[in-house]
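Report on one structure; see the data block that follows.
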Amino acid sequence: NWQEIYEQCIRWADERGKLSYEIDGLVIKVNDLRYRDILGNTTKAPRWAVAYKFPPEKKKTRLKDIILQVGRTGVITPTAILEPVRIAGSVVGRATLHNEDFIKEKDIMIGDTVILQKAGDIIPEIVEVVKSERDGTQKPFEMPKYCPACGSEVMRIDGEVAVRCTNASCPAQLKRSIIHFVSRDAMNIEGLGPQIITVLLDKGFIKDAADLYLLKGRREELIRVERMGEKSVDNLLNAIEKSKKNSLDRLLFGLGIRMIGQRASRVLAET
Numbered sequence: 188n189w190q191e192i193y194e195q196c197i198r199w200a201d202e203r204g205k206l207s208y209e210i211d212g213l214v215i216k217v218n219d220l221r222y223r224d225i226l227g228n229t230t231k232a233p234r235w236a237v238a239y240k241f242p243p244e245k246k247k248t249r250l251k252d253i254i255l256q257v258g259r260t261g262v263i264t265p266t267a268i269l270e271p272v273r274i275a276g277s278v279v280g281r282a283t284l285h286n287e288d289f290i291k292e293k294d295i296m297i298g299d300t301v302i303l304q305k306a307g308d309i310i311p312e313i314v315e316v317v318k319s320e321r322d323g324t325q326k327p328f329e330m331p332k333y334c335p336a337c338g339s340e341v342m343r344i345d346g347e348v349a350v351r352c353t354n355a356s357c358p359a360q361l362k363r364s365i366i367h368f369v370s371r372d373a374m375n376i377e378g379l380g381p382q383i384i385t386v387l388l389d390k391g392f393i394k395d396a397a398d399l400y401l402l403k404g405r406r407e408e409l410i411r412v413e414r415m416g417e418k419s420v421d422n423l424l425n426a427i428e429k430s431k432k433n434s435l436d437r438l439l440f441g442l443g444i445r446m447i448g449q450r451a452s453r454v455l456a457e458t
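Everything in the sequence shown is counted per the working numbering, starting at 188 for the first residue and increasing by one.
Here it is as structure tokens:
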């Protein structure tokens, strides 16, 4: 009966951590095949079964520091460095703090004890601060006036929550933009991950995404780079050459133009 179902939900929400495998909920089913036939199915799911999701698991930990990351559009995002804690099946040591307003709204300070959960059992997030455990050693956090990557001034446009670096040539923005350009949903250049991109930038082989298509003229130089090798270089150059056959919408999306996502890229390409 319903009371027994309720009791099972409460029981397994408490005991899920004792299992040798991860679960995020229960499936409650009608246990009479005749009634299943009568209830039938929708186009997506049976009417005789329903999923019950557990509330997100919450853990207490300490916020040790707040670091800043610069995205491909110049947005500076604060990230919490946490004392590692195991939650929902993995050890978490970081959590995004989104923006300056989020930090102020939650009244988050460096050194605070915080409550952590995984949104959707996937993305770590700070739910609240345990203010009763403050001892006076906590430090307030303020967004910088200068970009942590290039030292240029930052700005916050009226009506936006994001703080942005004003330097279009910021190395952090450049690296992130190239990573986006080669990603699966954009130009999909296999084998060109963040580590290889970092090497290419550090060695001066590329200065922007367009330079990737000039690498074929520097094959011998690339082969001499540590841990590259002839075969891996040839595979990389072939993948870059193959990307030239991609559709226009992939190129538009790969350029990383603000407000132009995958859907808008397809619409523009079809126009």
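Glycine included, C-beta positions come from ideal geometry on N, C-alpha and C. Note that the structure is predicted; figures quoted are calculated from it, not measured.
Residue i (DSSP reduced to helix, strand or coil)
{"i": "N422", "result": "helix"}
{"i": "D252", "result": "strand"}
{"i": "P358", "result": "helix"}
{"i": "C196", "result": "helix"}
{"i": "Y400", "result": "helix"}
{"i": "Y222", "result": "helix"}
{"i": "E287", "result": "helix"}
{"i": "R281", "result": "strand"}
{"i": "A238", "result": "strand"}
{"i": "L269", "result": "strand"}
{"i": "V341", "result": "strand"}
{"i": "I384", "result": "helix"}
{"i": "I210", "result": "coil"}
{"i": "L455", "result": "helix"}
{"i": "G431", "result": "It is worth fixing the name first, because residue 431 is Lys in this sequence and not Gly. In the structure shown, K431 sits in a helix (DSSP, three-state: H, G or I)."}
{"i": "I313", "result": "strand"}
{"i": "L438", "result": "helix"}
{"i": "I297", "result": "strand"}
{"i": "R450", "result": "helix"}
{"i": "L303", "result": "strand"}
{"i": "K332", "result": "coil"}
{"i": "R406", "result": "helix"}
{"i": "I366", "result": "helix"}
{"i": "R351", "result": "strand"}
Neighbour-count burial assignment, residue i, 16 or more Cβ in a 10 Å radius
{"i": "I192", "result": "exposed"}
{"i": "S430", "result": "buried"}
{"i": "R321", "result": "exposed"}
{"i": "S207", "result": "exposed"}
{"i": "R414", "result": "exposed"}
{"i": "T229", "result": "exposed"}
{"i": "K305", "result": "buried"}
{"i": "G338", "result": "exposed"}
{"i": "S364", "result": "buried"}
{"i": "L401", "result": "exposed"}
{"i": "V454", "result": "exposed"}
{"i": "A396", "result": "buried"}
{"i": "V257", "result": "buried"}
{"i": "R450", "result": "exposed"}
Beta carbon of residue i nearer than 7 Å to that of residue j
{"i": "I274", "j": "E244", "result": "yes"}
{"i": "V348", "j": "D288", "result": "yes"}
{"i": "V316", "j": "I295", "result": "yes"}
{"i": "T283", "j": "L269", "result": "no"}
{"i": "A238", "j": "L250", "result": "no"}
{"i": "V301", "j": "I309", "result": "no"}
{"i": "F368", "j": "G448", "result": "no"}
{"i": "L399", "j": "I366", "result": "no"}
{"i": "A236", "j": "K216", "result": "yes"}
{"i": "R259", "j": "G443", "result": "yes"}
{"i": "G276", "j": "E209", "result": "yes"}
Supposed close pair residue i, residue j - CB separation, criterion 8 Å
{"i": "P311", "j": "R351", "result": "Wrong, their Cβ atoms sit about 24 Å apart, outside the cutoff."}
{"i": "A359", "j": "A336", "result": "4 Å"}
{"i": "T385", "j": "K403", "result": "Not a contact, Cβ separation roughly 20 Å."}
{"i": "G227", "j": "R234", "result": "6 Å"}
{"i": "V272", "j": "K293", "result": "The pair is not a contact, with the Cβ atoms about 18 Å apart (cut-off 8 Å)."}
{"i": "S419", "j": "L439", "result": "Not a contact, Cβ separation roughly 29 Å."}
{"i": "L303", "j": "V278", "result": "12 Å between Cβ atoms; not a contact."}
{"i": "K326", "j": "I297", "result": "4 Å"}
{"i": "D211", "j": "K240", "result": "6 Å"}
{"i": "L387", "j": "R406", "result": "Contact flag wrong, Cβ pair sits at about 13 Å."}
{"i": "V412", "j": "K394", "result": "The pair is not a contact, with the Cβ atoms about 17 Å apart (cut-off 8 Å)."}
Any non-hydrogen atom of the ligand ATP closer than 6 Å to residue i Cβ
{"i": "I263", "result": "The ligand ATP is absent from the structure shown, which contains no ligand whatsoever."}
Within-7 Å CB hit, residue i to chain C
{"i": "G298", "result": "The structure shown contains no chain C; it is built from a single protein chain."}
**Report entry** Touch test, the segment 322-340 against the segment 245-263, Cβ-Cβ under 8 Å, three pairs minimum
**Finding:** Three or more Cβ pairs closer than 8 Å define a contact, and the segment 322-340 meets that threshold against the segment 245-263.
Report task. Check whether the segment 373-386 touches the segment 431-448, taking contact to mean three or more Cβ pairs, one atom from each stretch, closer than 8 Å. Result -> yes
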